[in-house]
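As you go down the protein sequences, you meet chains A and B in turn.
First residue of the first sequence: 1, per my numbering; consecutive thereafter.
First residue of the second sequence: 345, per my numbering; consecutive thereafter.
Even for Gly, the Cβ is constructed at its ideal location relative to N, Cα and C.
This structure is a prediction, so every number in the text was calculated from the model and none was measured.
There are 2 protein chains.
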Amino acid sequence: MNPNSQPVEGAGEFNLIRRLHGLLNDYASPELCVDIGDDAAAYRTHGNRVQVVTTDALIEGYHFDLGFYTMEDIGYKAMAVNVSDIAAMNAKPRFATVALAIPGSLLIDQIECLYGGLRICADTHGIQIVGGDTTRSPVIMLSVTVIGEVEERDLVRRSGGKAGDLLCVTGTVGAAALGLHLLRRETESGPGAIKLAEEARSHVAHRHLRPEPRTDIVEDWKTRGVRPNAMIDISDGLAADVHQLCAASGCGAVVRRPALPVAEEMRIVAQALAADPLTYALGGGDDYELLFAASANTCRTLDPASYTVIGELTAERGLILLEDADGTVLPLSRAGHDHFASKD
Amino acid sequence: MNPNSQPVEGAGEFNLIRRLHGLLNDYASPELCVDIGDDAAAYRTHGNRVQVVTTDALIEGYHFDLGFYTMEDIGYKAMAVNVSDIAAMNAKPRFATVALAIPGSLLIDQIECLYGGLRICADTHGIQIVGGDTTRSPVIMLSVTVIGEVEERDLVRRSGGKAGDLLCVTGTVGAAALGLHLLRRETESGPGAIKLAEEARSHVAHRHLRPEPRTDIVEDWKTRGVRPNAMIDISDGLAADVHQLCAASGCGAVVRRPALPVAEEMRIVAQALAADPLTYALGGGDDYELLFAASANTCRTLDPASYTVIGELTAERGLILLEDADGTVLPLSRAGHDHFASKD
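Written as structure tokens, this is what we have:
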């Protein structure tokens, strides 16, 4: 029997955990003074930069479903959601720590896959995992902390938006939430029950399971020497995140429904599921794209392929409107509904 | 009905969590650029210092028992175990993030007490809580990350010990583990079944529930301009931590059983429970005192009341011995047993 196909339980836990931590980390950045294996990790900083720190946890049954998440997906996503928060500050992620709590019945192979997913995302974004804690729990819980760096003058808060700024998003929105809907429907109805082109299916599933935080955009802006006035990552849903950015910036916004960037693959899946793509685009969440406010002048210096203008910031604090193709304008709730009846 | 005596479930979760995060934080250190409420927190660093980071999680049923831990104890201890790791690097804790996962049935009052415990420990050690994530889970899980700072030349690793160094501990050891044993026995046998002087009882219970990380010692050393060669905090048990320090330093050690510092209150409780205090002192764990190795010259410059010499480091790598009052010397296992039969 392959020793890695054993449950953690009784597999010599102390040495196992030491070995697993070895998987997290096999190179050392020059700034690192003390790596995994001491009481804490230690690293040098650059004098003119600020440190940016965020923590998010994923819990089995609440944030992911073992029915359609692989262990690698779970590890990947736990890292990705934190990387996205660092990108939303216009910062570069550098170091991460991981607290993993697992049932003793989990196989060593499974835990290695989970660590593998953490590593894939960390390596993609140039992050070194410098600390880890592994303990037991009744369900899988994965809490990741990511620390990033940015020149203080380049830091972008949620609060810097001004009336007249263009409101923009990177990439497309809604596919992640529609992907979750599809994955759940497939689980309920069995394989093959929902007929879909594989390309469309895998696009929305991937958007949910393997979100790609936009550190590429942040790097591109740095190269161009520009920064937006305000920014937030789209995790709660576009409408909710517009509300949050406006609340922090003390302004309002108008969002134009026809401008919302939706992927063609997503439209195909929405049609197959008889779902409205724009409902998912506004209320869905889990996109991990960037929502930002920038002056028209700043926007002109950006790569036009990298973002879509979806509206603008307005002066009346807290008034968030959705404008339709025919010019109709209605309040937009946090949940993404465009009517008065919806509850915030 | 007091609205705080409601379960979290259905209490308007979004606003509740925002309010709770307000409890974490009501002052701002001058280094803080972005506080709780944005995608991530941001803080300035001092150019000549290194950043020290650690993460540890506490899980209900594994690390604490709701039978005898109050919510405040849980919050306090989750912070304390991380502060202790920062102290063990000879660093000063500065900032913390908290990922809390809770069952929806928990009362708002209870969560406020838990946050209160986090704050008590954070405030005691001058730590600002700069980030938080609150989610649902079937049991309480609390993952804390603490970031500290230290001048690079003052950083103390586990690996700096040299043969001939004195092996020392701060405070006393064993009471925390004996306290856990007592708390469990009391839970099983009902209140009042174990007759004990209140002072002795509360000493060992407090050592388990409210460990006091030794940032005071680290500050005192800084004032005196001294540092040990190697250090680790005593979390796994004195014997296990001697093994770890020696493994990292590439040496061995001899520990003198009669030298182990044990509190008088602990002896009283041990007698009442027919337990051997030295078994708890060597194998117990959860002490959160500092185990350090320093030259005799360095030790002479320390406050003699602040530490006890328990033995010394020796040249033979991996040979950890326990010497008895009569001069008998036997190998000391990680688990704290002093015989060959014990399994590492």
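Range of the contiguous beta strand (DSSP E) that encloses A/K92: K92 to I102
Interface positions of the stretch 93-108 of chain A facing chain B (Cβ-Cβ less than 9 angstroms), listed along the chain: F95, T97, V98, A99, L100 and A101
Local Cβ density within 10 Å of A/S333, reported as buried at 16 or more and exposed below that: Classification of A/S333: buried, given that the 10 Å Cβ count is 16 or more.
Short Cβ contact (8 angstroms threshold) for B/V517 with B/L617: no
Beta-carbon spacing of B/R502, B/I576 below 8 angstroms: yes
Beta-carbon spacing of A/V144, A/P93 below 8 angstroms: no
Residues that A/T45 contacts on chain B, provided the C-beta gap is smaller than 9 angstroms: T389, H390, G391, R393, V394 and Q395
Chain B contact for A/P331 (CB, 8 angstroms cutoff): no
First and last residue of the uninterrupted alpha helix (DSSP H) at B/E563: T559 to R568
A/D38 at chain B interface by Cβ criterion, 8 angstroms: Under the Cβ distance rule, A/D38 counts among the residues neighbouring chain B, one pair being separated by less than 8 angstroms.
Chain B contact for A/K343 (CB, 8 angstroms cutoff): Model confidence at A/K343 stands at a pLDDT of 38, short of 50, so the residue's coordinates are unreliable; what they give is reported in the following sentence. Not an interface residue.
Proximity test, Cβ basis, 8 angstroms: A/P228 and chain B: no
Under 9 angstroms by beta carbon: chain B residues contacting A/P261: Within chain B, no residue comes near A/P261; the closest Cβ sits about 21 angstroms away, beyond 9 angstroms.
Whole-number beta carbon distance between A/V139 and B/S481, since they are thought to touch under 8 angstroms: 7 angstroms
Closer than 8 angstroms to chain B by CB, A/S5: Not an interface residue.
Secondary structure of A/Q6, DSSP reduced to three states: coil
Rounded separation between A/T298 and A/A176 - CA only: A straight-line Cα-Cα distance of about 29 angstroms links A/T298 and A/A176.
Residue of A/A87, A/T97 and A/M89 minimising C-alpha distance to A/G75: A/T97
A/L152 at chain B interface by Cβ criterion, 8 angstroms: In the sequence under discussion, the amino acid at residue 152 of chain A is Glu, which differs from the Leu named in the question. With 8 angstroms as the cut-off, A/E152 counts as an interface residue toward chain B.
DSSP beta-bridge partners of A/A230: A/A230 is bridged to A/A293.
Host beta strand (DSSP E) of B/C377 (start-end): L376 to V378
DSSP state of A/S159 mapped onto helix, strand, coil: Correct three-state label for A/S159: helix.
Residue(s) in a DSSP beta bridge with B/F412: Partner(s): none; B/F412 has no beta bridge.
Neighbour-count burial assignment, A/P191, 16 or more Cβ in a 10 Å radius: exposed
Chain-order list of residues whose beta-carbon lies under 8 angstroms from that of B/P351 (same chain, five-residue window excluded): G448, S449, L450, L451 and I452
Chain A within 8 angstroms of B/C595, Cβ atoms only: Not one chain A Cβ lies under 8 angstroms of B/C595.
Closest Cα partner of A/I86 within the set A/A305, A/A193 and A/P213: A/P213
Neighbour flag for A/M266 against chain B, beta carbons, 8 angstroms: no
A/G283 to A/D241 span [Cα, whole Å]: 10 angstroms
Alpha-carbon spacing of B/G476 relative to B/E404, whole angstroms: 19 angstroms
is_contact[B/D577, chain A] using C-beta, thresh 8 angstroms: yes
CB contact flag (A/R257, A/L321, <8 angstroms): No, Cβ-Cβ distance for A/R257 and A/L321 is not below 8 angstroms.
Contact list for A/G327 against chain B, beta-carbon separation under 9 angstroms: Chain B residues near A/G327: none, gap ~32 angstroms exceeds 9 angstroms.
Extent of the continuous alpha helix (DSSP H) to which A/A42 belongs: That residue, A/A42, is in no alpha helix (DSSP H); its beta strand (DSSP E) goes A41 to R44.
Identity of the residue in B/D467, B/Y459, B/E493 and B/T468 nearest B/T478 by Cα: B/Y459
Test: A/R158 CB closer than 8 angstroms to a CB of chain B: yes
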